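Chains A and B, in that order, give the protein sequences. With this note's numbering applied, the first sequence corresponds to residues 1 to 115, in that order. With this note's numbering applied, the second sequence corresponds to residues 116 to 229, in that order.
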Amino acid sequence: GNSVTQMEGPVTLSEEAFLTINCTYTATGYPSLFWYVQYPGEGLQLLLKATKADDKGSNKGFEATYRKETTSFHLEKGSVQVSDSAVYFCALTAISSGSARQLTFGSGTQLTVLP
Amino acid sequence: ETGVTQSPTHLIKTRGQQVTLRCSSQSGHNTVSWYQQALGQGPQFIFQYYREEENGRGNFPPRFSGLQFPNYSSELNVNALELDDSALYLCASSQTGTGLEKLFFGSGTQLSVL
Chain A
1 GNSVTQMEGP VTLSEEAFLT INCTYTATGY PSLFWYVQYP GEGLQLLLKA TKADDKGSNK
61 GFEATYRKET TSFHLEKGSV QVSDSAVYFC ALTAISSGSA RQLTFGSGTQ LTVLP
Chain B
116 ETGVTQSPTH LIKTRGQQVT LRCSSQSGHN TVSWYQQALG QGPQFIFQYY REEENGRGNF
176 PPRFSGLQFP NYSSELNVNA LELDDSALYL CASSQTGTGL EKLFFGSGTQ LSVL
């Protein structure tokens with residue numbers, strides 16, 4: 001079946017440090033890949049996406065490249081800010097029983113950025 | 116435009132009871148999905164509703180059921196609550212035909228089963 005594996009957290013960085021959060025996946029077919037962010041007390045928000053191999057998704061300084069050969073979609077940011085502190089989820093699409101498109105999520109990585 | 120709203124925000128039940136969680140879709144959205152997020156885990160797909168019918172289901176037992184109303188709002192019902200049902204329940208809405216980048220999540224209902 002489909003699955004997503006994220007690097008274990010929590011991750012603590014100083015402001016302006018470089019961020020990498022690893023994500024690998026197992027899927028049949030050619031899934032689309034996503035990164036979601038969850039701030040305390042809020043719902044999940046889409047951060048970026050990539051729909052095919054070698055696509056690079058980017059938003060708010062975050063980037064991730066869809067690597068089919070390594071089945072990876074690692075999240076990176078060159079200089080983190082305190083406001084980036086949140087839980088980050090890697091996810092992929094799959095077709096559920098029926099016709100619904102569902103998201104399969106990794107277990108999440110808690111990021112804390114210290115001033 | 117209004118976002119996805121869920122009620123209640125927190126709920127405490129005892130094992131064996133039944134619970135109903137509610138979700139109001141974002142304006143213009145006709146599809147609702149429900150996810151269960153256990154502590155320290157990623158969300159897991161429960162089911163999706165479109166045109167008041169379930170059109171997809173994850174690996175959850177039949178005691179998890181739902182409804183969608185003509186105004187596209189939705190309910191999640193869980194019967195015979197178990198301790199492992201303690202989790203954050205997330206509702207997400209979208210418009211059919213749009214990609215998952217147009218999927219919007221509510222803040223969730225935190226359910227505690229004692």
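Note that the Cβ used here is the ideal one computed from N, Cα and C, for glycine as well. The model shown is predicted, which means the values in this text are computed figures rather than measured ones.
- Here DSSP, grouped into helix, strand and coil, assigns B:Leu198 to helix.
- If you draw a straight line from the Cα of B:Glu190 to the Cα of A:Glu16, it comes to about 43 Å.
- Residue contact with chain B for A:Leu103: present (Cβ-Cβ distance below 8 Å to some residue of chain B).
- The beta strand (DSSP E) runs lying completely inside the segment 127-200 of chain B and spanning 3 residues or more are 134-139, 146-152, 159-165, 168-172, 179-183, 189-193, given in chain order.
- With 16 or more other CB atoms across the displayed protein chains lying within 10 angstroms of its CB, B:Pro158 is buried.
- For A:Glu63, the enclosing beta strand (DSSP E) stretches over residues 62-65.
- For a cut-off of 8 Å, the C-beta gap from B:Ser222 to B:Ser201 is around 17 Å, too long to register as a contact.
- The beta-bridge partner set that DSSP reports for A:Glu76 consists of A:Thr20, A:Glu63.
- Under the DSSP assignment, A:Tyr36 falls in the beta strand (DSSP E) whose first and last residues are 33-38.
- Chain-order list of chain B residues neighbouring A:Glu42: Ser222, by C-beta distance under 8 Å.
- Excluding five sequence positions before and after A:Thr93, the CB atoms of its chain that fall closer than 6 Å to its own CB belong to Pro31, Ser32, Arg101, given in chain order.
- Collapsing the DSSP output to three states places A:Lys49 in a strand.
- By alpha-carbon distance to A:Leu114, the top candidate from A:Leu19, A:Tyr25, A:Thr5 is A:Leu19.
- Residue range 101-105 is occupied by the beta strand (DSSP E) that includes A:Leu103.
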